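For the sequence shown, my numbering gives the first residue as 3, with consecutive numbering after it.
C-beta: ideal position from N, C-alpha, C; glycine also.
It should be emphasised that the depicted structure is a prediction, and the values quoted were computed from it without experimental measurement.
Everything below concerns the one structure shown next.
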Amino acid sequence: VFQAYVNDNEIKTVLFKPRVAQYIRLYPTNCSNSCALRFELYGCDLATAPSAAPGNFRVTSNSSLALDITWDAIPAEKQNGKLLGYRIYYKVNGSTVEYNKTVGPDKLVYQLTGLEFTTYVVRMAGYTAVGVGLSTGSVGKQPKGGGPSQPLNVQVQAVSSVAILVKWDAPAHPNGEIKEYIIFYGTRKDVQKNERKVTGNTRERTIDGLRKYTTYYVKVRGSTSKPGNASEIFSVTTFEDIPSQPQDVFAKLDKCGTFITVSWKDPKDHNGIIIMYTVYFEGKRAYDPSFTDNHQIVLRNSSRSTEIGVEKLWPGTEYSIYVKASTVKGYGAESGRVEQKTLSQQKNPSVGRMEIYTNNSWEKLCTSQWDEGDLNSTCMAMGYYNNGVYVNDTWYAKRGNASKKSSYHNCTIPTTCEKTLAKKQQYCKVPVRLNGANVEYGGRVEVFYKGKWAKICRNEWDFDDVKVICRQLGFEEALAEFIGSEVKDDGIPFAMSDVSCKGDESELASCARIDGKVNIPPQCLSDCKGSQALCKPKNNKVLDKKELYFDIGTNEELQCSIHNETSYTRWAINGQTVNSTYQRIRTKETGELFIDKVQLSDAGLYECYRLEYVQYYVVYVNAKYTKNTLDEQTLTADTSGLLNCSAEGVPSPQISWSKKGGNFLDHIRFNQVSDGSLLISPVNSEDNGTFICKMKQTKGPKRITSNDKTIFVTVMVRPKVNISGASNLIIEGNRVNLTCETVAGRPAPEITWLKNKTLQEKGWSLLFHTIKKSDEGRYTCKAQNTVGIFTKYVDISVMVPPRVNLKIKNVSIEVNSKFTEKCYWSGDSEVSVIWTKDGVLLSNKNTLIIKRATFKDKGKYECTAQNDYGKANASFWIDVTDFNFRELSTKGRLAKVLQKQNLSQLQSLCELFDVEIIVPIRAFLRVIISYESRVKRKGLTWSMLNLFVLLFQVSPQITKPPITQSVTEGHPVNFSCRASGVPTPTLVWVFNNGDLPSDISQTDHEGESLLELPSVTKEMKGTYKCKAKNKANTTNSSATLRVYGKFNDNDNDDYDFDDNDDKNKDDDNGEGDGYEDKVVVICDARTDEEKNKSDGAIMRVN
3 VFQAYVNDNE IKTVLFKPRV AQYIRLYPTN CSNSCALRFE LYGCDLATAP
53 SAAPGNFRVT SNSSLALDIT WDAIPAEKQN GKLLGYRIYY KVNGSTVEYN
103 KTVGPDKLVY QLTGLEFTTY VVRMAGYTAV GVGLSTGSVG KQPKGGGPSQ
153 PLNVQVQAVS SVAILVKWDA PAHPNGEIKE YIIFYGTRKD VQKNERKVTG
203 NTRERTIDGL RKYTTYYVKV RGSTSKPGNA SEIFSVTTFE DIPSQPQDVF
253 AKLDKCGTFI TVSWKDPKDH NGIIIMYTVY FEGKRAYDPS FTDNHQIVLR
303 NSSRSTEIGV EKLWPGTEYS IYVKASTVKG YGAESGRVEQ KTLSQQKNPS
353 VGRMEIYTNN SWEKLCTSQW DEGDLNSTCM AMGYYNNGVY VNDTWYAKRG
403 NASKKSSYHN CTIPTTCEKT LAKKQQYCKV PVRLNGANVE YGGRVEVFYK
453 GKWAKICRNE WDFDDVKVIC RQLGFEEALA EFIGSEVKDD GIPFAMSDVS
503 CKGDESELAS CARIDGKVNI PPQCLSDCKG SQALCKPKNN KVLDKKELYF
553 DIGTNEELQC SIHNETSYTR WAINGQTVNS TYQRIRTKET GELFIDKVQL
603 SDAGLYECYR LEYVQYYVVY VNAKYTKNTL DEQTLTADTS GLLNCSAEGV
653 PSPQISWSKK GGNFLDHIRF NQVSDGSLLI SPVNSEDNGT FICKMKQTKG
703 PKRITSNDKT IFVTVMVRPK VNISGASNLI IEGNRVNLTC ETVAGRPAPE
753 ITWLKNKTLQ EKGWSLLFHT IKKSDEGRYT CKAQNTVGIF TKYVDISVMV
803 PPRVNLKIKN VSIEVNSKFT EKCYWSGDSE VSVIWTKDGV LLSNKNTLII
853 KRATFKDKGK YECTAQNDYG KANASFWIDV TDFNFRELST KGRLAKVLQK
903 QNLSQLQSLC ELFDVEIIVP IRAFLRVIIS YESRVKRKGL TWSMLNLFVL
953 LFQVSPQITK PPITQSVTEG HPVNFSCRAS GVPTPTLVWV FNNGDLPSDI
1003 SQTDHEGESL LELPSVTKEM KGTYKCKAKN KANTTNSSAT LRVYGKFNDN
1053 DNDDYDFDDN DDKNKDDDNG EGDGYEDKVV VICDARTDEE KNKSDGAIMR
1103 VN
């Protein structure tokens, strides 16, 4: 027990022993004991920091990326109060940033986890409510290696139809020496069963031998002595390629023998999208090696059909049939071939062995017992005639609805028949007539077929055919294969084509030909004239016959060469007498005939008569191409197109087509129209090239002329594109390159990219260096040329990995205050969050909330946000500081201030020193207020009491000032500054009394700041001032940076020495560098018995 007397305005200092509660009484000296003041205050049980470090401190590593720390407890007598626990400090060797972990006072073992594979410097110390005690010495230790983190920047791209290229960067945390990388890949996202390994120093690998046009899922994982974390899964699709061959091709012939149905199955490996099938027919005849009949039938695959029926095939032809499939990359291999032979059709269809179709096959028909009636019936059943009257025959009238593919007849079929008789040939006749002209000896040649008169197609018609027709009709000889007069179109059909007589046959039935309207070439169907014949009239005395060949537009003269006693001459043209002497065609008295500017209509038979004699002139008009036959023509793919090539002349020239390069023009897609032009339906892009239009004109028995016209054909192709580069998993921040590949288009289309009808880019590539969520949407590739527009779109979805709060940074908060912080601001799908403090799990919610901060909340906080598309984390330090109590005036303000303070803040004041309140706080406030009233009534002043409430503060002091340095330009340099104080001071750098230069990074952590200048320039020379500031005071320290020029052999002024560097100056307006340590301690150490006593004293303790 001791006492002290305090005068007015006097401060009395009394030293207390640690952790000893004190009882303080106050009474005025000018008052008796009866006016002694009694009141109750509260006190704090104080302690000091431990005076010894933990013993036997050891750091080892027994597991991957972890350090095991053990120590002995601090002796009780050295703890200096209640030991609250131990703090383990650790940092990466060479780093200025030190982290710490707090453990309880009863623990003597701790494991630091989640470390990197590098050397750490570790130390530890115990702490009480007052502060941290003596530290152990620092121990350096590297943890055992572990599995590396996931490889970074994984890129997967297709390089061919069977290979992909995988690239990646090394993991951010190798956690040891990476021995190998393993690439996992497969065709399922959930299972990647295939592996490829590469050495640890390799960062890319091409994986080949893959399936064509197949989506693969890929991930990469590194391994040290232990496997690491795998990357995210990336998808890639190999390029399209040509497909494999179609399977199971089958060909079936119908009963008519010329219609083949071809079917097949899809290729085993599509290797892309099948866009078309092409069926190939290669026809040959064993008896005619020069004969070929090749067809290519394109079947677009929009309907996914794998069957096609083909008609109009040549009879008696062996067809080798196969199928090819095509993707955008072209045709694949041909399928297996099947052979099918159409039924034979003899060159002379009206002569041959009779057969009948029964039981799905053609069988020989026995004719050994047939009579004339049976023979006539069979000829009529086949559409011909044998004997008897054939005009208006009633047999056909009763069967007008009979099928064109078969005819039914009623006759007896014997059950037995000798083989020799079965081979008997039957001969059927073909009646002919001349019709449609104004002369009896010429006109359109018509045949009687299947009960009707029909025309003959003009293809292959020549003078030898006319000779046979004239002979069959009883004329002496043939004059021409045409007539010059008009031929009426009676609307009769065609029934015969490709007549090929040798000229010595007795009648048409003996000539090779093709009968039946189903075999008529398309160019004949719109021809109203048909084949024509001009025969020598009967009973005329013909002295001579000549063929004349005129060109259109020329002037010609014909002279009659008949010599007799009279000069009278009469001319007739195509049966019409010429008697004009003033028209374009005129005669003279001397017998000549003149033609001015020859026209097509001038062709025909010219007859010169003198008395009973006649001389014939057959005038041919030489053929020439018409004006619409252009050298260059244009077609459009996937439509019907017409290549114009026509010629005029008499007789009409015959047009045939071929394509340069030997490509056969099948008669299914290529058909001639009546004027000779070539109709192509549909036009394919492969039709681009050179076509040859051949004109052939027969002119009597001795002359055939032909001429070729080369036509350059450009097939305009509507654009078509494919889009690649858009994977099904695009993560924000990835590099995405959309490619619009031109599959088809002639001329080359212009490519543009649109998003929501807004132009994004011109060209085939649309590149996103770093794609964003806002880039989501539908992107359309528009290809346009003169043919049309083609668009294709792709929907881009950008998946967003969690984006942590960029505002998270180290922060100081006051004790008992509220603190909130969000972990992430954005992220797709469900984002999982983990908050930790010093490595210990705190919360799984996005927002961290500290409702009432205490000093136990001080530490390192880390949040980790993760979803299906990525993971991100952020860490920061929270420093908890005491209250900002300013020094209070001693006159009348103590009660008011205490009333304003939150009671919980006073509670936390004792928690600062980890002590308990002895007296209830509310009671303490009432006593203080009551005491103030008593003092005023007694006339006492506050100056006598000298009561203060002060904040425990320590002014900042720079313990490690920056050091003046000299450096050559272009080299790095660092400045560091460390300061102490309560609360922890904030460090600010000033350069030449202004802002820091650019390209300088500043790192701050718990009273220490580091400036990093990676490449010094002359502009960086000068004074760098470190200013330390907290609530108590401000101080500073400066250092100078000298920058020398680079060494240069060609420069005598090698170095730059600046002697005018700024000196260290203190421009903080005289702010002191000292520190002050103040605290008010009001303690009550009385027993209950002592509290009943009335005397006491109160004093201020510094």
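Three or more beta-carbon pairs separated by less than 8 Å link the region 147-155 to the region 176-195, which places the two stretches in contact. The beta carbon of K1023 is closer than 7 Å to those of L1043, R1044, V1045, D1060 in its chain, skipping five residues each way along the sequence. Taking 8 Å as the cut-off, the Cβ atoms of I713 and C695 count as close. CA-CA distance, D376 to V353, rounds to 16 Å. Of P974, Q534, A1030, the smallest CA-CA separation from K1020 is found for P974.
Contact check between the region 188-197 and the region 267-285: fewer than three CB pairs, one atom from each, fall below 8 Å, which does not count as touching. Distances from the CA of W372 to each of K214, T329, Q427 were compared; the closest alpha carbon is that of Q427.
Collapsing the DSSP output to three states places D295 in a strand. Straight across, the Cα-Cα distance linking R223 with G188 is about 15 Å. Within its own chain, the residues whose Cβ lies closer than 8 Å to the Cβ of T788, once the five positions on either side in sequence are excluded, are M718, P749, listed in chain order. The Cβ atoms of I597 and E549 lie no closer than 8 Å to each other.
Listed in chain order, the non-local C-beta contacts of T970 below 6 Å within the same chain comprise Y1046, local neighbours out to five positions each way being set aside. Every beta strand (DSSP E) stretch that sits fully inside the region 967-1015 and reaches 3 residues is listed by chain position as 967-970, 975-984, 988-993, 1003-1007, 1010-1015. Two segments are said to touch when three or more pairs of C-beta atoms, one from each, lie closer than 8 Å; by this definition the region 783-803 touches the region 716-735. Proximity of the region 516-533 to the region 433-447 meets the contact definition, three or more beta-carbon pairs being nearer than 8 Å. Scanning the region 732-783 for uninterrupted beta strand (DSSP E) segments of 3 residues or longer gives 738-748, 752-757, 760-764, 767-770, listed from N- to C-terminal end. The Cβ atoms of S978 and P964 sit closer than 8 Å to each other. C459 is the residue among M356, T856, C459 whose C-alpha sits nearest the C-alpha of S499. P958: member of the beta strand (DSSP E) spanning 956-962, first to last residue.
Each residue's CA atom was taken as its position, placing I1002 and F993 some 11 Å apart. Here D546 is bridged, per DSSP, to Q617. When beta bridges are read from the DSSP output, L377 appears opposite no residue. The DSSP-derived three-state label of I522 is coil. Taken atom to atom, the span from the alpha-carbon of P703 to that of G334 is near 51 Å. For F465, the enclosing alpha helix (DSSP H) begins and ends at 465-474.
Distance from the CA of G486 to the CA of T280, rounded to the nearest whole angstrom, comes to 47 Å. V441 is not bridged by DSSP to any residue. Sequence-distant Cβ neighbours of T849 in its own chain, meaning closer than 8 Å and more than five residues away, are T822, E823, K824, C825.
Setting aside the 5 residues that flank it on each side, G779 is surrounded in the same chain by K757, N758, I798, each with a C-beta closer than 7 Å to its C-beta; the list follows chain order. Restricting attention to beta strand (DSSP E) runs no shorter than 3 residues, the region 637-706 encloses them at 643-645, 649-652, 656-661, 672-674, 680-682, 691-701, ordered along the chain.
Note that the region 121-134 does not touch the region 205-221; fewer than 3 beta-carbon pairs, one per stretch, sit closer than 8 Å.
Residue burial annotation: E309 is exposed, with fewer than 16 other C-beta atoms found within 10 angstroms of its C-beta. Rounded to whole angstroms, S1039 and K109 show a C-alpha spacing of 42 Å. The C-beta distance from I554 to K626 rounds to 7 Å, short enough to meet the 8 Å contact threshold. In this chain, the alpha helix (DSSP H) harbouring E79 covers 78-81.
For M498, the secondary structure class from DSSP, reduced to helix, strand or coil, is strand.
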